[in-house]
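Residue numbers (our numbering): 5 to 172. Read through the structure below, which is laid out as structure tokens, and then see the notes.
Have a look at this one:
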């Protein structure tokens with residue numbers, strides 16, 4: 005199980021978290037920052053060994069010869085960490101009904117061993133659903149940066165959220 009290999013504490017997840025945030029809590033503009041979340045060398049190698057075993061993610065010697073000039077985490081690992089940070093930061097207490105997909109993902113700089121990651125969240129758009137007026141569609145731009153402030157990844161994705169009075 006990858007969570008155990010990556011040292012993630014599953015006890016921090018709770019199905020009983022109260023859903024307190026609704027559509028009305030997400031006006032366009034900056035929403036918040038969450039973290040830090042540290043990523044270890046062992047976590048990078050464990051994730052990549054199972055899901056993206058390219059040499060620059062699993063072999064330090066080969067990684068030094070790559071265009072990234074050193075061991076780097078898979079972009080998919082970075083997206084997975086971002087999703088966990090989103091959940092822990094706000095989605096876990098949001099009346100979310102899921103997402104219709106991801107509009108955009110960009111990997112801007114490599115994830116390195118021992119990076120301390122911060123998630124910055126902005127609401128780009130919030131609109132009431134035409135087909136389901138009891139819900140709204142909130143489009144988020146999520147950016148992950150390291151402790152030096154270097155942006156590593158950006159994602160734009162809509163989430164379907166219940167409107168106040170409809171959440172239950």
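All C-beta atoms, glycine included, are put in the ideal place defined by N, C-alpha and C. Quick caveat: nothing in here was measured; it's all calculated off a predicted structure.
Alpha-carbon to alpha-carbon, residue j and residue i
i: residue 55; j: residue 47; result: 12 Å
i: residue 81; j: residue 138; result: 34 Å
i: residue 112; j: residue 74; result: 16 Å
i: residue 51; j: residue 60; result: 13 Å
i: residue 127; j: residue 141; result: 11 Å
i: residue 157; j: residue 90; result: 13 Å
i: residue 65; j: residue 78; result: 16 Å
i: residue 135; j: residue 76; result: 43 Å
i: residue 116; j: residue 169; result: 44 Å
i: residue 84; j: residue 144; result: 16 Å
i: residue 132; j: residue 109; result: 24 Å
i: residue 71; j: residue 36; result: 33 Å
i: residue 95; j: residue 67; result: 35 Å
i: residue 167; j: residue 102; result: 14 Å
i: residue 154; j: residue 49; result: 22 Å
i: residue 53; j: residue 29; result: 39 Å
i: residue 69; j: residue 114; result: 15 Å
Residue environment, residue i, which counts as buried when at least 16 other CB atoms sit within 10 Å
i: residue 44; result: exposed
i: residue 17; result: Confidence at residue 17 is low in this model, with a pLDDT of 39, below 50, so its placement is unreliable and the value that follows should be read with caution. Exposed: under 16 other Cβ atoms inside 10 Å.
i: residue 106; result: exposed
i: residue 93; result: buried
i: residue 86; result: buried
i: residue 149; result: buried
i: residue 62; result: buried
i: residue 152; result: exposed
Whole-number beta carbon distance between residue j and residue i, since they are thought to touch under 8 Å
i: residue 124; j: residue 147; result: 5 Å
i: residue 27; j: residue 165; result: 5 Å
i: residue 130; j: residue 32; result: 6 Å
i: residue 25; j: residue 88; result: That belief does not hold up - the Cβ atoms of residue 25 and residue 88 are roughly 18 Å apart, past 8 Å.
i: residue 104; j: residue 57; result: Not really, about 30 Å apart at Cβ, beyond 8 Å.
Inset, instruction - Note down, one range per segment and in chain order, each alpha helix (DSSP H) of at least 4 residues found wholly within the segment 43-82. - result: 45-55, 59-62, 64-69
Legend entry - Meets three-Cβ-pair contact criterion under 8 Å: the segment 113-123 and the segment 30-42: yes
Inset, instruction - Could you name each continuous beta strand (DSSP E) segment of 3 residues or more that falls completely within the segment 103-134, going from the start of the chain to the end? - result: 108-111, 119-132
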